[in-house]
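Respectively, the protein sequence lines represent chains A and B.
Just so you know, we're using my numbering here: the first sequence kicks off at 1 and counts up by one.
Just so you know, we're using my numbering here: the second sequence kicks off at 1001 and counts up by one.
There are 2 protein chains.
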Amino acid sequence: MRERIVGRLARGDQRLTSSREALVAVLAVSDRPLTIPEIGAADGGLAVSSIYRNLTMLEEVGVVHRVVTASGDFAHYELTEDLTEHHHHHLVCSGCGSVEDFEASSQLEDSVRDAARRIARRSGFRIDRHLIDLIGLCPNCA
Amino acid sequence: MRERIVGRLARGDQRLTSSREALVAVLAVSDRPLTIPEIGAADGGLAVSSIYRNLTMLEEVGVVHRVVTASGDFAHYELTEDLTEHHHHHLVCSGCGSVEDFEASSQLEDSVRDAARRIARRSGFRIDRHLIDLIGLCPNCA
DNA sequence: CAGAGGATGATAGTCATTCTCAAAACTCTG
DNA sequence: CAGAGTTTTGAGAATGACTATCATCCTCTG
Ligand SMILES: [Zn+2]
Ligand SMILES: [Zn+2]
Ligand SMILES: [Zn+2]
Ligand SMILES: [Zn+2]
């Protein structure tokens, strides 16, 4: 895993500094996508501007994925699926903005892939990934 | 349709002014969600602040739905599905941010509803709606 | 017509995110 | 280890989508 991260960084002429390793470690330990404030709190002494700069760069080289749910709210970050090798989707609370992971049934995944193939043929889009969000209110907000 | 819009506005103590009717008309004619600049261009002489204010209000009373794809990019607006009576999903270009509509197969819709039921039971979330985006590059950007 | 309540639009404010740049921390050679 | 060259960091300024403000304008009712 560390291996592959170093590899992807190298492909973009970037190094795995201790700040970046700390960011990745925080995300690796969480079972859900985290916001910048959450990451900052977990990591401790890393400047906000550095968190943003490094996460943006880590996204460009394919180590990290940015999850946007509502505008004007903090984005959430997680490791990319091909690093964790765990394809999943999101359960989003429209009250507090929190995000949790869930795994879809293989029937659901198959249906989405079918749809993607069909739509790609018809529309001329090149489809790279899909996104399935279930949106509602978490126990706290309900 | 105009009927139902007036009804929803009234429920929120709001009237259907000519500005609001113009906004709704622009959205009703489009086959895809539009950004604020697009709506402004289509409508002509309506102040940007009024477009924002009215769309926000129309969203609160359930006439309009705001579609957020990337942060720092314009949101897109469309009429709510229970006004158009046309449940659909989105094909999003990660290059230029454009959004198109597509209709999912009933098999896909069934699978999502199943997943929602199962996840709701397990997690305690109250799930209100689902979102399926296919993300890739449009013919222009590819 | 007067007056009250709401709608409009120009502009100022907010806030997540990005940019800037000087200082600090590496890296590499000798 | 020194010291030059390069990269990264951090504090604060800048950006830009969006929201709040408020004086003015409309639209009703009586
Ligand atoms: Zn919540
Ligand atoms: Zn999936
Ligand atoms: Zn495009
Ligand atoms: Zn659906």
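Ideal Cβ placement from N, Cα and C applies to all residues, glycine included.
Taking 8 Å as the cut-off, one finds no heavy atom of ligand 3 near enough to the beta carbon of Leu34 of chain A.
In this model, Gln1107 of chain B and His90 of chain A are separated by some 20 Å (Cα to Cα). Between Val1061 of chain B and Arg1011 of chain B, the CB-CB gap stays under 9 Å. Exposed is the label assigned to Thr1056 of chain B, since fewer than 16 other Cβ atoms lie within 10 Å of its Cβ. When only Cα atoms are considered, Cys93 of chain A and Phe1125 of chain B end up about 8 Å apart. Here Ser19 of chain A is not near Arg1066 of chain B, since their CB atoms are 9 Å or more apart. According to the DSSP assignment, Asp73 of chain A belongs to no beta strand (DSSP E), since it is labelled neither H nor E.
Contact with chain B is absent for Val48 of chain A, since none of that chain's Cβ atoms lies less than 9 Å from the residue's Cβ. In this structure, the CA atom of Cys141 of chain A is about 15 Å from the CA atom of Leu134 of chain A. For Arg32 of chain A and Glu100 of chain A, the gap between their C-alpha atoms comes out near 5 Å.
One alpha carbon belongs to Gly1097 of chain B, the other to Val1064 of chain B, and they sit about 20 Å apart. In this structure, ligand 1 has a non-hydrogen atom nearer than 8 Å to the beta-carbon of Gly95 of chain A. Scanning its chain for C-beta atoms nearer than 7 Å, with the 5 sequence neighbours on each side dropped, one finds around Leu1016 of chain B the residues Ile1005, Val1006 and Leu1009, in chain order. In the displayed model, Asp128 of chain A falls within a strand according to three-state DSSP.
In the three-state scheme derived from DSSP, where H, G and I count as helix and E and B as strand, Val24 of chain A is classed as helix. Residue-level contact check: Ser30 of chain A does not touch chain B, since none of the beta carbons of chain B fall below 9 Å from its beta carbon.
For Val1068 of chain B, there is no enclosing beta strand (DSSP E), as DSSP gives it neither H nor E.
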